[in-house]
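Have a look at the structure below before the remarks.
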Amino acid sequence: MTVDSPFASSPRISILVSDLSKQGAGRWGGAVRTFLLAQALERLGAKVTIYGFIFGDDPGEPTVGDFPMVTVPGAFYPGFIGRSRELLRQLDTDIIYALRPKATTLGLALWHKRQTGCPVILDIDDWELSWHGGDRFRYRPKLKQLARDILKPDGALRYPDHPLYLRWMESQVSKADAVTVHTQFLQDRFGGVKVPNGKDTDLFNPEGYDSQLSREVHGFSAYRILMFPGAPRPYKGIEDVLKALEHLNREDLRLVIVGGSPYDDYDQELRRRWGRWIIQLPPQPVTKMPFVVAGADIIVVPQRETPAALAQFPLKLTDGMSMAKPILATRVGDIPEILQGSGYLVEPEAPEAIAKQICWILEHPEEAKQRGALARQRCVEHYSLEAMSHLLAGVLQSLPDSPHL
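Take a look at the structure:
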């Protein structure tokens, strides 16, 4: 399916990604923004290729689309300079779409632009510095530490995405020809055009899946299921849902976590404390997620109010919306705007309020069904791949004159 294209012909657009390994953008297959942008651009008639480095392990394999992927092994400085040249030599493109303001993406894109004049779009879907203290980050080493960071083979400053370089790259955002972001927090910080993540609402369509069969296949049949279809992190508020379940102490309730944290042992910590209430499924390819979500009674998105949460668009929110599920979420960031009355909202870090809303939703199934239907309608109209494509068309039309535009 395509939407109205801004192109006179089919341009080549290269999406440049910092890390396409299974620990990076490749870890969720086609579910992350890299592949959502690729699908949305393809619907405009563009020829999309994804370029990036592989740091540490094998490349991830997308499970949607059939986009060519060009990768080179990642390396620390000074080897990274040679690897960068190797990647840039393979670029065959009319437009570069750099993901996040990093040396590995925006830095390379601006380098290529200086040499060729190729237009650069920068996409910012996370505030990288928020993981390093945000605006409070300072790099003030003593001389001996500075020497170690530079000279040791694994010295911190040899890593291309060290937070010091992230800060420098944020100062280069204005050199991109266009900027896209996906939350209000990021737009307030960096400017640009807001392009929320789009969902494939044909794939995520409740009419194509049997809810009862999903529950039987996944072992949910004995329970009322709250589902969190993503990677647990402390700022995502899973602990608040588990505290709510502990408070309710109902044997018929379980929280299903789909996937797990690829970053640390947070999953194990949750199971140690609240294992009685948790059912954990392994990571699922995006093509199988609709069938998994079909088995849920409620989708929970209990974000806490932190910079990391404010900067991110919770993809699990539109998983539930597109599948017409009741959504129980917190009043954090863009969530109230996204739902606009089609879900149930509580304040962040409020387990007792979550417990009350769980009971209300389960005791009022007709109302919950109506809100789920409204949520799907909003997703189709505002948070689908088609909606994403329309917004990107405007961004592309704003670029410097090109024979393709």
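In numbering that gives the first Met the number 0, the protein residues as written are 0 to 404. Ideal Cβ placement from N, Cα and C applies to all residues, glycine included.
- With respect to the C-alpha of F312, the residue from P335, E215, G44 having the closest C-alpha is P335.
- According to the DSSP assignment, A97 belongs to no alpha helix (DSSP H) but to the beta strand (DSSP E) extending over 94-98.
- Along the length of the region 38-92, whole beta strand (DSSP E) runs at least 3 residues long occupy 46-53, 68-72, reported in chain order.
- Distance from K315 to A295 at the Cβ level is roughly 11 angstroms; contact not present, criterion being Cβ atoms closer than 8 angstroms.
- I277 and P233 have their C-alpha atoms spaced approximately 16 angstroms apart.
- For T317, there is no enclosing beta strand (DSSP E); the enclosing alpha helix (DSSP H) covers residues 314-321.
- Annotation: the continuous alpha helix (DSSP H) that includes T115 extends over 107-115.
- For F219, the three-state secondary structure derived from DSSP is coil.
- Segment contact: the region 32-44 against the region 74-93, fewer than three CB-CB distances shorter than 8 angstroms; contact not assigned.
- Between the C-alpha atoms of F203 and Y76 there is a straight-line separation of about 43 angstroms.
- Nearest neighbour of D93 by Cα position, chosen from R139, F79, P140, R11, turns out to be R11.
- Counted as a single uninterrupted DSSP element, the beta strand (DSSP E) harbouring A328 occupies residues 326-329.
- Of the other Cβ atoms in all chains shown, 16 or more fall within 10 Å of the Cβ of E127; this residue is therefore buried.
- Within the same chain, and ignoring the five residues on either side of K46 in sequence, the residues whose Cβ sits closer than 6 angstroms to its Cβ are S9, R11.
- The beta-bridge partner set that DSSP reports for I357 is empty.
- Y343 carries a strand assignment under DSSP once its states are collapsed to helix, strand and coil.
- Distances from the CA of L105 to each of V240, D91, L165, T305 were compared; the closest alpha carbon is that of L165.
- In the DSSP assignment, A177 forms a beta bridge with I120.
- Rounded to whole angstroms, the separation of the alpha carbons of R249 and A352 is 16 angstroms.
- By alpha-carbon distance to D176, the top candidate from F189, P118, P159 is P118.
- About 6 angstroms separates the beta carbons of L338 and I326, which is inside the 8 angstroms limit, making them a contact pair.
- Here the region 261-275 makes contact with the region 237-248; the two share three or more CB pairs at distances below 8 angstroms.
- Taking C-beta separations shorter than 7 angstroms and ignoring five residues to either side along the sequence, A146 has no partners in its chain.
- DSSP places R166 within a helical segment (H, G or I) once states are collapsed to three.
- The DSSP-derived three-state label of S388 is helix.
- For the pair L185 and F79, the Cα-to-Cα distance works out to about 29 angstroms.
- Counting C-beta pairs closer than 8 angstroms gives fewer than three between the region 353-364 and the region 382-394, which falls short of the contact rule.
- Excluding sequence positions up to five before and after G371, its CB lies within less than 7 angstroms of the CB of A323, K324, P325, all in the same chain and listed in chain order.
- The continuous alpha helix (DSSP H) containing L185 extends over residues 183-189.
- In this model, I49 and F290 are separated by some 28 angstroms (Cα to Cα).
- Taken in chain order, the complete beta strand (DSSP E) segments of 3 residues or longer contained in the region 220-307 are 223-227, 252-257, 277-280, 297-300.
- The three-state reading of DSSP puts L15 in strand, counting E and B together.
- The C-beta of T103 has 16 or more other C-beta atoms within 10 Å across all chains shown, which makes the residue buried.
- When the Cα atoms are used, L390 and V194 turn out to be separated by approximately 6 angstroms.
- Annotation for Q171: P100, L105, G106, L109 place their beta carbon closer than 8 angstroms to its own, counting only its chain and skipping 5 residues before and after.
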